[in-house]
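Quick notes on the structure that follows.
Below, the structure is given as structure tokens:
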């Protein structure tokens, strides 16, 4: 994925801040029409071909923040004011969580290897010798790759002693572990909904920001402005994302307007204990292994790409769902909001129906800025370390260690630290040849939730 320190990231955060300011502070809904002009002034330098296209791109991004799906046939003629007047203000937008801004897509050429001017036309010609498809020829003392014959194996690149051959990827396609990016030469990409697992990597890899996430910002802001009873569940990975101590962060979040803040490491430990009991039960029945179930992108992967593996996935709900059940039982009329670094949580929330709204850490951090809530201004209160094993759920290996701790003994566990085409092939073999470990933790994001696509820092 792209380093977070880039111009698109800055633009995305600035737009989100302006949108939150509009939602909370504007008395005139027509003001939303002014945002593209405020961000792209007439005398500014265009980011693309001209300021008019830049403003249109801002409009599309605002529509995704309103929860609109921009894919397919989409009537873009109404004004932002009209779109805002129509958008859902009481509940979360429907699935899918990701959509493509076709006009923003650069329609990258298909991935390819290309010989650069660094080629010396050497006598050895190892690139030509090693090519299994006979795609390299020499012309005017330089190597040339025939794109029609090239099989993109990369052997020529590795063989060149001058590093004269470069690989040109399609960034979104490159990071998708399940082949859900549909690429047609000269056309904007599409997302194959039957394959997409909503991991969100493509949104942080496209240098043009063409793939966007549908936000729940509008119904969230509406609930906060009406001072409704709102229960905010925070993922364990939040504490390394924001400045200040745990107690300062919790108080700052309440200052935004959340009625209560529930730390999901508590329900994470409940989940770990339940998964431990389930593992023992499965082993006593003679089952060979069980995988964890807390990663929604992995659960989607099993549904769409490895259905034969479904019986080996833990039946225990994720900490988000378990926490929501606790809150709904105690506060049945409360609006349940989850904040985390994961886009796939929107899918899980929609399918379970118990979590009302989902926001990512980027939105949460921007909301703090918008409401001028300074975390470090709140008093720091000493707290006893609680649910430390649950906090480990945010990192690869943490779930499995918590399950072991709940059992009070070593059970031996394996890990899939990031879903890729390679690990996907490995997991598909498990129905025929089970892994040697009884428990396998699977995280779609390498490093775990703390390195999810919507983390503020990783």
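Numbering (the UniProt record's numbering), first residue to last: 1 to 458. Here a beta-carbon is modelled for each residue, glycine too, at the ideal position from N, C-alpha and C.
Can we say the stretch 378-395 touches the stretch 253-268, given the rule of at least three CB pairs closer than 8 Å? yes
On the three-state DSSP scale, how would you describe residue 200? Correct three-state label for residue 200: coil.
CA-CA distance, residue 330 and residue 273? 21 Å
Taking the beta strand (DSSP E) that residue 57 belongs to, which residues open and close that run? Run containing residue 57: none in the beta strand (DSSP E); it sits in the alpha helix (DSSP H), 51-65.
From what residue to what residue does the alpha helix (DSSP H) around residue 192 run? First-last for residue 192: undefined, no H or E at that position.
Helix, strand or coil at residue 465 according to DSSP, with G and I counted as helix: An answer regarding residue 465 cannot be provided, because it is not within the stretch 1 to 458 covered by the chain.
Quick one: complete beta strand (DSSP E) runs, 3+ long, within the stretch 89-130? 98-100 and 112-115, all fully within the stretch 89-130.
Alpha carbon to alpha carbon, how far is residue 138 from residue 130? 14 Å
Who are the Cβ neighbours of residue 29 in its own chain at under 8 Å, not counting the five residues just before and after it? 81, 84 and 85
DSSP three-state assignment for residue 315, whether helix, strand or coil: coil
Do residue 146 and residue 164 have their beta-carbon atoms positioned less than 8 Å apart in this structure? no
How far does the alpha helix (DSSP H) with residue 421 in it reach, from first residue to last? 421-428
If residue 215 and residue 67 are in contact, beta carbons under 8 Å, what's the gap, nearest whole angstrom? A Cβ-Cβ separation of about 6 Å places residue 215 in contact with residue 67 under the 8 Å criterion.
Residue 7 - DSSP class collapsed to helix/strand/coil: If DSSP states are grouped into helix, strand and coil, residue 7 belongs with the helices.
Taking all protein chains shown into account, decide if residue 226 is buried (16 or more other Cβ within 10 angstroms of its Cβ) or exposed. exposed
Measuring only the C-alpha atoms, how far is residue 65 from residue 213? 8 Å
Span of the beta strand (DSSP E) around residue 354: Residue 354 -> no beta strand (DSSP E), and no H or E assigned at all.
Less than 8 Å between C-beta atoms, sequence neighbours within five positions excluded: which residues of the same chain meet that for residue 18? The residues are 35, 38 and 39.
Would you check if the distance between the CB atom of residue 305 and the CB atom of residue 289 is smaller than 8 Å? no
Cβ contact (3+ pairs, closer than 8 Å) linking the stretch 315-325 and the stretch 175-188: no
Considering Cα atoms alone, identify which of 314, 223 and 114 is closest to residue 23. 223
Applying the 10 Å Cβ sphere with the 16-neighbour rule, what's the burial state of residue 63? buried
Which residues does DSSP pair with residue 167 in a beta bridge? 113
From what residue to what residue does the alpha helix (DSSP H) around residue 399 run? Residue 399: member of the alpha helix (DSSP H) spanning 398-407, first to last residue.
Straight-line CA distance for residue 270 to residue 319? 8 Å
For the candidate residues 341, 378, 381 and 278, whose alpha-carbon lies nearest to that of residue 364? In terms of Cα proximity to residue 364, the closest of 341, 378, 381 and 278 is 341.
Three-way DSSP call (helix, strand, coil) for residue 392 in this model: helix
Smallest Cα separation from residue 418: which of 336, 453 and 379? Its Cα nearest to that of residue 418, the residue 453 stands out among 336, 453 and 379.
Using a threshold of 8 Å, state whether the C-beta atoms of residue 122 and residue 444 are closer than that. no
Let me know the secondary structure DSSP gives residue 414 once reduced to three states. When secondary structure is reduced to three states using DSSP, residue 414 falls in the strand class.
Take residue 377 as the anchor and find which of 250, 94, 349 and 362 has the nearest alpha-carbon. With respect to the C-alpha of residue 377, the residue from 250, 94, 349 and 362 having the closest C-alpha is 250.
For residue 301, which of 79, 421 and 162 has the nearest alpha-carbon? 421
Enumerated in chain order, which unbroken segments of the alpha helix (DSSP H) with a length of 4 residues or greater are wholly contained in the stretch 202-233? 217-225
Determine, using beta-carbon pairs with one atom in the stretch 284-298 and one in the stretch 337-352, whether at least three such pairs fall under 8 Å. yes
Host beta strand (DSSP E) of residue 261 (start-end): 260-263
Helix or strand or just coil, what does DSSP make of residue 302? helix
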